[in-house]
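Enquirer: The letter at position 142 of the sequence shown is residue 142 when you use full-length UniProt numbering, and the numbering goes up by one with no holes. Note that the Cβ used here is the ideal one computed from N, Cα and C, for glycine as well. Fair warning: this is a prediction, and the values are worked out from it, not measured in the lab. Have a look at this one before I ask anything.
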Amino acid sequence: EVKPDAVPSEVREWLTSTFTRNQVSSRNRTDDKPKFRSVANAIRAGIMVDRIYRRLFSATTIQIAPEVSSFLRGADEWSFDVFSLNQLQQGKVLRNLATELLNRYGLIHKFKIPTSNLDSFLSQVELGYQKYQNPYHNNLHAADVTQTVHYLLWVTGLAA
1 EVKPDAVPSE VREWLTSTFT RNQVSSRNRT DDKPKFRSVA NAIRAGIMVD
51 RIYRRLFSAT TIQIAPEVSS FLRGADEWSF DVFSLNQLQQ GKVLRNLATE
101 LLNRYGLIHK FKIPTSNLDS FLSQVELGYQ KYQNPYHNNL HAADVTQTVH
151 YLLWVTGLAA
């Protein structure tokens with residue numbers, strides 16, 4: 001929770017003037033605190049609704065095999081094993097991991113990306129990585145970087 005004292009007075013005044021009916025005048029700090037808290041609570045409620053909506057939407061959009069789905073739940077862990085996922089997915093590790101993460105973040109819905117177009121695009125990206133048989137910069141490395149960035153966003157709270 002953000003403490004009102006930790007927020008600069010200019011930000012509190014802007015939030016109050018933007019999200020309440022009364023214009024900010026020279027008020028004492030006790031008047032600002034309840035208004036700031038109510039704005040913060042409204043923002044929290046919006047974030048909570050967005051998270052619930054993402055979960056509901058992600059559950060109905062993309063069909064993934066149960067064993068792959070349970071494996072992808074581990075993408076939030078540092079120890080996530082892209083090599084095992086690659087074997088499980090017969091070399092389609094980037095396509096499926098990227099689809100899962102884009103879906104988790106609600107980006108497929110937000111940008112109205114048809115799943116068939118996304119699948120085609122990610123398939124072409126994956127083929128492009130495999131084209132020159134580079135032993136390091138390949139689709140497996142791309143999936144590893146994708147998962148690592150997701151993990152860092154997740155543990156720092158920036159993914160919320």
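1) Taking the straight line between their C-alpha atoms, what separation do you get for GLN90 and VAL68?
2) Out of MET48, ALA42, TRP78, GLU100, which one is the CA nearest neighbour of SER70?
3) Report yes if the CB atom of THR148 is closer than 7 angstroms to the CB atom of ALA98, and no otherwise.
4) Am I right that PHE36 and VAL7 are in contact with their C-beta atoms under 8 angstroms? What's the rounded C-beta distance?
5) Would VAL93 and LEU85 be called neighbours here (beta carbons separated by less than 7 angstroms)?
6) Assuming contact is defined by CB atoms lying nearer than 7 angstroms, are TYR129 and ASN117 in contact in what I supplied?
7) Who are the Cβ neighbours of ASN96 in its own chain at under 8 angstroms, not counting the five residues just before and after it?
8) Taking DSSP as the reference, what is the three-state secondary structure of GLY21?
9) Excluding the 5 residues preceding and the 5 following LEU107 in the sequence, name in chain order all residues of the same chain whose CB lies nearer than 8 angstroms to its CB.
10) Can you say whether HIS150 is buried or exposed, counting buried as having 16 or more other CB atoms within 10 angstroms of its CB?
11) Please list the terminal residues of the continuous alpha helix (DSSP H) segment that includes HIS150.
12) Quick check: what's the CA-CA separation for GLU126 versus GLU77?
13) I'd like to check one pair, LEU15 with VAL49: are the Cβ atoms closer than 7 angstroms?
14) Report the rounded CA-to-CA distance for THR20 versus ASN134, giving the unit in angstroms.
Expert: Based on what the coordinates show:
1) Stepping through the sequence shown from its first residue, residue 90 is reached at position 90. Stepping through the sequence shown from its first residue, residue 68 is reached at position 68. Using only the alpha carbons, I get a separation of about 11 angstroms.
2) The residue you call residue 70 lines up with position 70 of the sequence shown. If you compare the alpha carbons of MET48, ALA42, TRP78, GLU100 with that of SER70, the shortest gap goes to GLU100.
3) As a first step, residue 148 must be located in the sequence shown, where it is residue number 148. As a first step, residue 98 must be located in the sequence shown, where it is residue number 98. In this structure, ALA98 does not lie closer than 7 angstroms to THR148 by Cβ.
4) Numbered from its first residue, the sequence shown carries residue 36 at position 36. Numbered from its first residue, the sequence shown carries residue 7 at position 7. Their Cβ separation, rounded to whole angstroms, is 7 angstroms, which keeps PHE36 and VAL7 in contact under 8 angstroms.
5) Counting from 1 along the sequence shown, the entry for residue 93 is found at position 93. Counting from 1 along the sequence shown, the entry for residue 85 is found at position 85. In this structure, LEU85 lies closer than 7 angstroms to VAL93 by Cβ.
6) Walking along the sequence shown from the start, residue 129 turns up at place 129. Walking along the sequence shown from the start, residue 117 turns up at place 117. Not a contact, by the Cβ cut-off of 7 angstroms.
7) Position 96 of the sequence shown, counted from the start, is the residue given in the question as residue 96. Closer than 8 angstroms at the Cβ level, and outside the excluded window around ASN96, lie ILE64, VAL68, LEU72, LEU85, GLN89.
8) Working through the sequence shown from its first residue, we reach residue 21 at position 21. Looking at the sequence shown, residue 21 is not Gly but Arg. If DSSP states are grouped into helix, strand and coil, ARG21 belongs with coil.
9) Residue mapping note: residue 107 aligns to position 107 of the sequence shown, counting from 1. ILE113, listed in sequence order.
10) To locate residue 150, count along the sequence shown from 1; it is residue 150. Taking a 10 Å sphere around the C-beta of HIS150, we find 16 or more other C-beta atoms and assign the residue as buried.
11) Along the sequence shown, one-based indexing puts residue 150 at 150. Counting along the chain, the alpha helix (DSSP H) containing HIS150 begins and ends at 139-156.
12) Along the sequence shown, read from residue 1 onward, the residue named residue 126 stands at position 126. Along the sequence shown, read from residue 1 onward, the residue named residue 77 stands at position 77. The alpha-carbon atoms of GLU126 and GLU77 are separated by roughly 23 angstroms.
13) Start at 1 with the first residue of the sequence shown, and residue 49 comes out as number 49. Start at 1 with the first residue of the sequence shown, and residue 15 comes out as number 15. No.
14) Sequence index remark: in the sequence shown, residue 20 carries index 20 (1-based). Sequence index remark: in the sequence shown, residue 134 carries index 134 (1-based). Straight-line measurement puts the Cα of ASN134 at about 57 angstroms from the Cα of THR20.
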